[in-house]
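Sequence lines, in order, name chains A and B.
With my numbering applied, the first sequence corresponds to residues 2 to 456, in that order.
With my numbering applied, the second sequence corresponds to residues 2 to 336, in that order.
Even for Gly, the Cβ is constructed at its ideal location relative to N, Cα and C.
A short worksheet on the structure shown next.
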Amino acid sequence: MRFPHRLAAAALAVGLTGFAPLTAHAQNAPATATTPATQPEQYFPLQSYRVGPYAAGGTGFFGGFIDYMTLINSRDGGVNGVKLTWDECETQYVVEKGVECYERMKTHQPPPSAWNPLSVGIAYAMIPGVTADKVPLITIDHGRTDSTDGAVFPYVFPLLMNPYSESSAIVNFIGTRVGGDDKLAGKSIVVLYHGSPYGRETIPIYQLLAKKYGFTLQQIEVPDPGAEQEAQWLQIRRIHPDYVVLRGWGVMNPVALKTAQKTGFPADHIIGNVWSNSEEDASPAGHAAVGYIALTTQATGTQYPVIQQIENTVYKAGKGDMADHSRIGSVYYNLGVVNGILNVEAIRIAQAKFGNHTLTGDQVRWGFEHLDLDPGRVAALGASGLFHSINVTCSDHEGHGLVTFQQWDGTKWNRISDWIAPDWDLLRPIIEASANKYAAQNNITPRDCSKEAAN
Amino acid sequence: MTLSRTHLTAIALFFVMALAVPFIPSDYLFEAILTPFLAIALAALGLNLLAGYAGQVSLGSAAFMAVGAFSAYNFLLRIPGLPLLLALLLAGVVTAAFGVIFGLPSLRLRGFYLAISTLAAQFFVQWVLTNFNWFSGGDTSGIINTPPLFIGGVAIDTPVRDYLLSLAIVSLLTLLALRLVSGRTGREFIAVRDNELAARVLGVKILRVKLMACALSSFYIGIAGALWAFLYLNTVEPAGFDLDRSFQLLFVIIIGGLASIRGAFLGAAFIVVLPLLLSRAGAALLGATFDSGLVDIVEKIILGVLIIVFLRIEPAGLSALLARLRLDRFFASTL
């Protein structure tokens, strides 16, 4: 019976080491308070995912985000002298792991500036928590559509683009391809969507758009994970649509492109959405992906001054986060850089009001709510052409982001469109109705945004 | 009603868990470790009634958790003013009814064949919850936030309150389970598991016992699902109750010990709490400079090795290991 005893001792040791950090924050707090001479910090908890089925997205996005923060630290010495710091906690894109990471990091001192989980499920689980903690939750390019209404969701920011805007922008783009929105009438569009809550979210929006523009619409579901799509594409061949919108996820995307080629549907009439737009979605399909078009909020490539500076400052010094340097400039990486820019600028804007020191989450929220980067400011940040502009307000937490379209040439994406605006006026009443329903269910009294603007 | 030593030990342990609250300063311990531990332990306890005691293997446990969570959500959403505890109870009843329906194949199928037929429940429930948004209150995205919870005007909105409510419900149901398995019901379950024919000869009504096991097990798992969604995650989504969760619960009872009430708790501690402690230990020892993805993989390897080692030492699970270590001199016999 000696062996189990030793095992028990080992287990106990592991247990104790695990528990030690549980109380560590309590000890850290006074230490930082008594040493004001050190450089002030602005802390970002990162719920990253570097292993598991979605690691390609996670490593690219968080790599870009971290590289941008490293650039700000090494080039500018932080934001107005406040150093950016961060911790990573692995979520594997699993909701319960993401929630545990949130609980683990939320008591950090200095307090979290903003949460950026890049996962709809984790973001949903955190909404009540961050609202109670008063820390902003950023869901760039995705998230709960109705959280665009900042009156009901003061701490949630689906920056640049929500799923409804995305659908509207795709239809507007198809409009430009067929020679004007009025030519959409009588055209036929198929939406091929992933059989998940994410995939189904835009069903009513496409129906609304079909009614408005008069095109015929068929929405076809691909059961998760979507590794087999013969039946769906045979159905598409019978319908013979003018365009197919691909609302895919993971392995479903390359399989769709390959099956489309097999059934003779041209790749340049397939329009991918924001989760079907990366190199990892197109490249595995090989030749079948050539000509495939996808939406994006941020252009790809390394030619933008900010990416150049990351390569020249951060990677030359050996401080870069990406193990595979060739992925710098890819879709997810550049999204991470844009996300870094938006977070850092929100802090800069909040500092102008609250002072150049460590800000609380609520102060950073104020910064996000006044995040106004016009094309001139975007150019000054070295990101001209990388993304267009953003103007977040109390009532609009999306910030009127514009989108662009890119085409796959077999090795890389090339931009083929101007910056396109979604039909915000059409979508706004639906968003407000949904947000108000949420407010009623959760006993929330919406803020009066006309009063907020005065602050 | 007399209480056995086991019951008294269980009650004492639950009291210690409740009385320890003011001495634990960290919210993290409650909301990230103890609350999910209690929910998973309760679900595993439910599965153990079915698989461990009655010998009917199920791969659909996560589906029953989902049914419990979504029923509780719909009861709270659609019947204004319904007390939370009643909603939880009703969720358990709905899940029990559901369990009986999917338990019908157990009357004809055994072993692996039954396990495969329970997969139907797993896939059917996820499909229904994904495709019919009536169940998620018309929310098109299918992921829903749980509404604010109240018991008699007291808001259940802090980690400690979440924990105490979970603890109260889990204690009550655990004591009930102890009572059941030590009585006639438990003996009938075991008779059916060990030799169905002999049990029939002895006058055990097989049909009634099997469906009773399904209903009882689903009742527990349904309530556990509601606790998991409402008190831990604050969100309900079909994807969170996938086949992986069913396997997780099966591993919990295999590692903890089949046909043992305390096995569910020990197994849940091993499967839910130990990975968190390893992860915290990894982060504390290696610091932020280390690739968090790599740390995660190493944790998985360590956990896998520990499972092999523990099961090599004691194939009957942690519950039997604990008995061998004679700790039960202090902690009595079957909790």
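Straight-line gap, residue i to residue j (C-alpha atoms, nearest Å)
| i | j | result |
| --- | --- | --- |
| residue 29 of chain A | residue 295 of chain B | Interpretation of residue 29 of chain A is limited by its pLDDT of 39, a score under 50 that renders its predicted location unreliable; the figure taken from the coordinates is listed afterwards. Near 26 Å, if we compare the C-alpha coordinates of residue 295 of chain B and residue 29 of chain A. |
| residue 23 of chain A | residue 278 of chain A | In this predicted model, residue 23 of chain A has a pLDDT of only 46, less than 50, meaning its place in the structure is not dependable enough to derive any value. |
| residue 165 of chain A | residue 294 of chain A | 19 Å |
| residue 253 of chain A | residue 231 of chain A | 12 Å |
| residue 298 of chain A | residue 273 of chain A | 13 Å |
| residue 53 of chain B | residue 153 of chain B | 37 Å |
| residue 250 of chain B | residue 338 of chain A | 40 Å |
| residue 83 of chain B | residue 280 of chain A | 50 Å |
| residue 288 of chain A | residue 217 of chain A | 30 Å |
| residue 121 of chain B | residue 61 of chain B | 8 Å |
| residue 68 of chain B | residue 98 of chain B | 10 Å |
| residue 177 of chain B | residue 211 of chain A | 57 Å |
| residue 329 of chain A | residue 351 of chain A | 30 Å |
| residue 35 of chain A | residue 354 of chain A | With a pLDDT of 41 at residue 35 of chain A, under the threshold of 50, the modelled position of this residue cannot be trusted; read the value that follows with caution. When rounded, the distance between both Cα atoms is 26 Å. |
| residue 319 of chain B | residue 309 of chain B | 12 Å |
| residue 25 of chain B | residue 161 of chain B | 10 Å |
| residue 119 of chain A | residue 47 of chain A | 10 Å |
| residue 337 of chain B | residue 155 of chain B | Not covered by the structure: residue 337 of chain B. The range shown for chain B is 2 to 336. |
| residue 144 of chain B | residue 265 of chain B | 29 Å |
| residue 195 of chain A | residue 202 of chain A | 10 Å |
Cβ shell of residue i (< 6 Å), same chain only, five flanking positions each side left out
| i | result |
| --- | --- |
| residue 32 of chain A | Reliability fails at residue 32 of chain A, whose pLDDT of 38 lies under 50, so the model's placement of it is uncertain and the value that follows must be treated cautiously. Taken in chain order, the list of residues that qualify is empty. |
| residue 5 of chain B | none |
| residue 322 of chain B | 315 |
| residue 284 of chain A | none |
| residue 260 of chain A | 230 and 234 |
Own chain, CB closer than 7 Å to residue i, minus 5 neighbours either side, in chain order
| i | result |
| --- | --- |
| residue 197 of chain B | 207 |
| residue 140 of chain B | 134 |
| residue 410 of chain A | 291 |
| residue 34 of chain B | 274 and 277 |
| residue 168 of chain B | 15, 18, 19 and 39 |
Extent of the continuous alpha helix (DSSP H) run through residue i
| i | result |
| --- | --- |
| residue 425 of chain A | 425–442 |
| residue 8 of chain B | 6–20 |
| residue 177 of chain A | 164–178 |
| residue 136 of chain B | Run containing residue 136 of chain B: none; DSSP gives neither H nor E here. |
| residue 46 of chain A | Note, residue 46 of chain A: premise wrong, no alpha helix (DSSP H); beta strand (DSSP E) at 42–47. |
| residue 63 of chain A | 56–77 |
| residue 328 of chain A | Here residue 328 of chain A belongs to no alpha helix (DSSP H), and DSSP marks it neither H nor E. |
| residue 176 of chain B | 160–183 |
| residue 154 of chain A | Run containing residue 154 of chain A: none; DSSP gives neither H nor E here. |
Among the options, nearest to residue i - alpha-carbon criterion
| i | options | result |
| --- | --- | --- |
| residue 426 of chain A | A:268, A:169, A:391 and A:368 | A:169 |
| residue 80 of chain B | A:446, A:450, A:452 and A:442 | A:442 |
| residue 154 of chain A | A:138, A:162 and A:72 | A:138 |
| residue 333 of chain A | A:41, A:40 and A:56 | A:56 |
| residue 40 of chain A | A:307, A:64 and A:81 | A:81 |
| residue 385 of chain A | A:303, A:322, A:363 and A:424 | A:303 |
| residue 228 of chain B | B:174, B:277 and B:16 | B:174 |
| residue 435 of chain A | B:320, B:138 and B:47 | B:138 |
| residue 112 of chain B | B:90, B:167, B:88 and B:55 | B:55 |
| residue 240 of chain B | A:221, A:400 and A:197 | A:197 |
| residue 243 of chain A | A:403, A:83 and A:190 | A:190 |
| residue 86 of chain B | B:151, B:283 and B:130 | B:151 |
| residue 243 of chain B | B:47, B:27 and B:63 | B:63 |
| residue 387 of chain A | A:429, A:49 and A:336 | A:336 |
| residue 204 of chain A | A:359, A:341, A:233 and A:246 | A:246 |
Extent of the continuous beta strand (DSSP E) run through residue i
| i | result |
| --- | --- |
| residue 295 of chain A | 294–297 |
| residue 316 of chain A | Segment: none, residue 316 of chain A is in no beta strand (DSSP E) and carries neither H nor E. |
| residue 84 of chain A | 84–89 |
| residue 416 of chain A | 414–416 |
| residue 189 of chain A | 189–196 |
| residue 244 of chain A | 244–248 |
| residue 222 of chain A | 217–224 |
| residue 272 of chain A | 271–273 |
| residue 406 of chain A | 405–409 |
Same chain only: Cβ atoms within 8 Å of residue i, ignoring 5 sequence neighbours per side
| i | result |
| --- | --- |
| residue 173 of chain A | 182, 421, 422, 423 and 424 |
| residue 177 of chain A | 418 and 421 |
The ligand HEM heavy atom lying under 7 Å from the CB of residue i
| i | result |
| --- | --- |
| residue 156 of chain A | The ligand HEM is not among the ligands present in this structure, which contains no ligands whatsoever. |
- Query: What residues in the segment 210–224 of chain A have a beta carbon less than 7 Å from any beta carbon of chain B?
  - Reply: Answer set for the segment 210–224 of chain A: empty.
- Looking at chain A, which residues of the segment 29–58 of chain B have a Cβ within less than 8 Å of any of its Cβ atoms? Of all residues in the segment 29–58 of chain B, only 29, 30, 32, 33 and 37 place a beta-carbon less than 8 Å from a beta-carbon of chain A.
- Task: Give, in chain order, every residue of the segment 168–196 of chain B whose Cβ lies closer than 9 Å to some Cβ of chain A.
- Result: Considering only beta carbons, no part of the segment 168–196 of chain B lies closer than 9 Å to chain A.
- Message: If the cut-off is 8 Å on Cβ atoms, which residues from the segment 89–117 of chain A count as contacting chain B, listed in chain order?
- Response: For the segment 89–117 of chain A, the beta-carbon criterion of a distance under 8 Å to any beta-carbon of chain B is satisfied by 89, 90, 91, 93, 96, 97, 100, 101, 104, 105 and 108.
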